[in-house]
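Have a look at the structure below before the remarks.
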Ligand code: FNR
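In my numbering, the protein residues as written are -17 to 385.
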């Protein structure tokens, strides 16, 4: 097969996948209603500045990044149905605007574990960002620095916590997937600690999952991939900077048989604040608190973990009811608009993390694209805060919602 036919075949696979994606059908439905989203018949924007909403960045990324890498980013579990579920969840909550409030100055700054950030919109941990732009997590760090945003770095980052911290000019939070060897896990935690990370985010929602979309690209067999990727798990882990110098033979991340006792183990192993990411039920929220977690991230991994049919914003309500303000609760999965962010904050979330929207910016325009994604969402949030008559985050309460 020539490289041209390989690339045509790869694009065909992307189109086939798009045709069956519930997410894209959901976007198609909103386009049919006349709402402005970046759809296939629009020319993708040529610069970050031209993007009017985060969907414009998605279309621009799709035009620039290899189809396999685009699908790796876009996919959810099974047929990606949770992506549409996450979006739909926002529809059941309506806003209650109050009039004639002075909203000349809007303050959306938020305090998280002793540090104030310009806005409550943070960058969720996403692995392997060099797949989207050569500068990967370092470009994201520069954007986070420019916008004073919180960045959470994944365990499976292409750039090390030391390089990312230097580019951010301040410590980042570090997300943990434990390795099957405790010594390796401890070494990674120590590196994050030594780099000054104040918070360790332990992700617990990947006991098993079915990512069949990317399997269609079969990296080990696909000639288009083999130019860059050596086959096999060990080879892929060699590209992950936090595993430099680690004996990778037999090493895996994600441990079978992981239980709540592991939280005690982490608690004892580090003085960093400990957050648990991937919590969606009241019972598990209670367990987090019992075991000394300092905070919770409500998340269904952007629809890349279990296929529950329940959106992240619905899970947020259940978790907040159980937590009753004892620890800060953050949330992610499906946030694409300022109104989405507002709804979560009004329910009681301390901050909202975004995943794909900043990866769209990264894949399309590098650092500038990530900055644009943050600018778009903070601008939209500022507009909603003004419309709702809530000039500070303290004013954003359940009174701003019809539930
Ligand atoms: C992720 N996510 C993720 N989460 C995590 O804890 N560690 C990780 O390494 C990754 N990697 C990752 C890669 C990619 C490509 C995506 C899209 C997501 C999940 C991420 O932190 C977050 O929960 C979701 O991305 C939030 O949903 P949205 O905003 O993408 O809908």
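Glycine is no exception: its CB is placed at the ideal position from the N, C-alpha and C atoms.
Examine the Cβ distances between the stretch 332 to 350 and the stretch 291 to 303 and report whether three or more of them are shorter than 8 Å.
Contact between the stretch 332 to 350 and the stretch 291 to 303 is absent, because fewer than three Cβ pairs lie under 8 Å.
Closer than 6 Å to a non-hydrogen atom of the ligand FNR - does that hold for the CB of residue 185?
Numbered from its first residue, the chain shown carries residue 185 at position 203. Under cutoff, so the answer is yes.
Pull the bridge partners of residue 103 from the DSSP assignment, please.
Position 121 of the chain shown holds residue 103. Bridge partners of residue 103: 334.
Going by Cα to Cα distance, which pick from 128, 275, 258, 191 is closest to residue 151?
On the chain shown, position 169 is the one that residue 151 refers to. The option with the nearest alpha carbon to residue 151 is 128.
Take residue 5 and list the residues in its own chain whose beta-carbon comes closer than 7 Å to its own, dropping the five residues that flank it on each side.
For the purposes of this step, residue 5 is taken as residue 23 along the chain shown, with counting starting at 1. Reliability fails at residue 5, whose pLDDT of 49 lies under 50, so the model's placement of it is uncertain and the value that follows must be treated cautiously. Excluding positions up to five away in sequence, the list reads 62, 65, 66.
Other residues of its chain near residue 80: CB distance less than 7 Å, five sequence neighbours each side excluded
Taking the chain shown and counting its residues from 1, the one referred to as residue 80 is at position 98. So the qualifying residues of the chain are 370, 371.
Beta strand (DSSP E) containing residue 389: first to last residue?
Any property of residue 389 remains undetermined from this structure, which presents the chain solely from -17 to 385.
Inter-stretch contact at 8 Å, needing at least 3 Cβ pairs: the stretch 159 to 177 / the stretch 189 to 208:
Judged by Cβ distances under 8 Å, the stretch 159 to 177 makes no contact with the stretch 189 to 208, as fewer than three pairs qualify.
What does residue 164 pair with, by DSSP beta-bridge criteria?
Here the question's residue 164 lines up with position 182 in the chain shown. Answer is none; residue 164 lacks a bridge partner.
Euclidean distance between Cα positions of residue 251 and residue 216
The residue labelled residue 251 in the question sits at position 269 within the chain shown. The residue labelled residue 216 in the question sits at position 234 within the chain shown. Roughly 26 Å separates the two Cα atoms.
I'd like to check one pair, residue 89 with residue 379: are the Cβ atoms closer than 7 Å?
One-based indexing of the chain shown puts residue 379 at position 397. One-based indexing of the chain shown puts residue 89 at position 107. No; because the gap between Cβ atoms is not below 7 Å, this pair is not in contact.
Nearest to residue 194 (by Cα), restricted to the options 132, 113, 54, 320
As a working mapping, residue 194 is identified with position 212 in the chain shown. Comparing Cα positions, the closest option is 54.
Backbone CA spacing between residue 78 and residue 366 [nearest angstrom]:
Within the chain shown, numbered from 1, the residue matching residue 78 stands at position 96. Within the chain shown, numbered from 1, the residue matching residue 366 stands at position 384. Cα to Cα, residue 78 sits roughly 11 Å from residue 366.
Is it right to say residue 282 is buried, meaning 16 or more other beta carbons lie within 10 angstroms of its own, or is it exposed?
In the chain shown, residue 282 corresponds to position 300, counting from 1. So residue 282 counts as buried.
Counting pairs of Cβ atoms below 8 Å between the stretch 349 to 362 and the stretch 29 to 40, do you hit three or more?
yes
Given a threshold of 16 other Cβ atoms within 10 Å of its Cβ, counted over all protein chains shown, does residue 238 qualify as buried or as exposed?
Within the chain shown, numbered from 1, the residue matching residue 238 stands at position 256. Under this definition residue 238 is an exposed residue.
Take residue 303 and list the residues in its own chain whose beta-carbon comes closer than 8 Å to its own, dropping the five residues that flank it on each side.
Position 321 of the chain shown holds residue 303. Cβ neighbours of residue 303 beyond the five flanking positions: 264.
Please confirm whether any heavy atom of the ligand FNR lies closer than 6 Å to the CB of residue 197.
Locating residue 197 in the chain shown gives position 215, counting from the first residue. Checking the Cβ of residue 197 against the ligand FNR gives no.
Which of helix, strand or coil DSSP assigns to residue -17
Position 1 of the chain shown holds residue -17. Note that residue -17 has pLDDT 41, beneath the 50 cutoff, so the model's placement of it is unreliable and the number below is only indicative. Three-state DSSP puts residue -17 in coil, outside helix and strand.
Going by C-alpha to C-alpha distance, which of 232, 347, 176 sits closest to residue 162?
In the chain shown, counting from the first residue as 1, residue 162 sits at position 180. The residue with the shortest Cα to Cα distance from residue 162 is 232.
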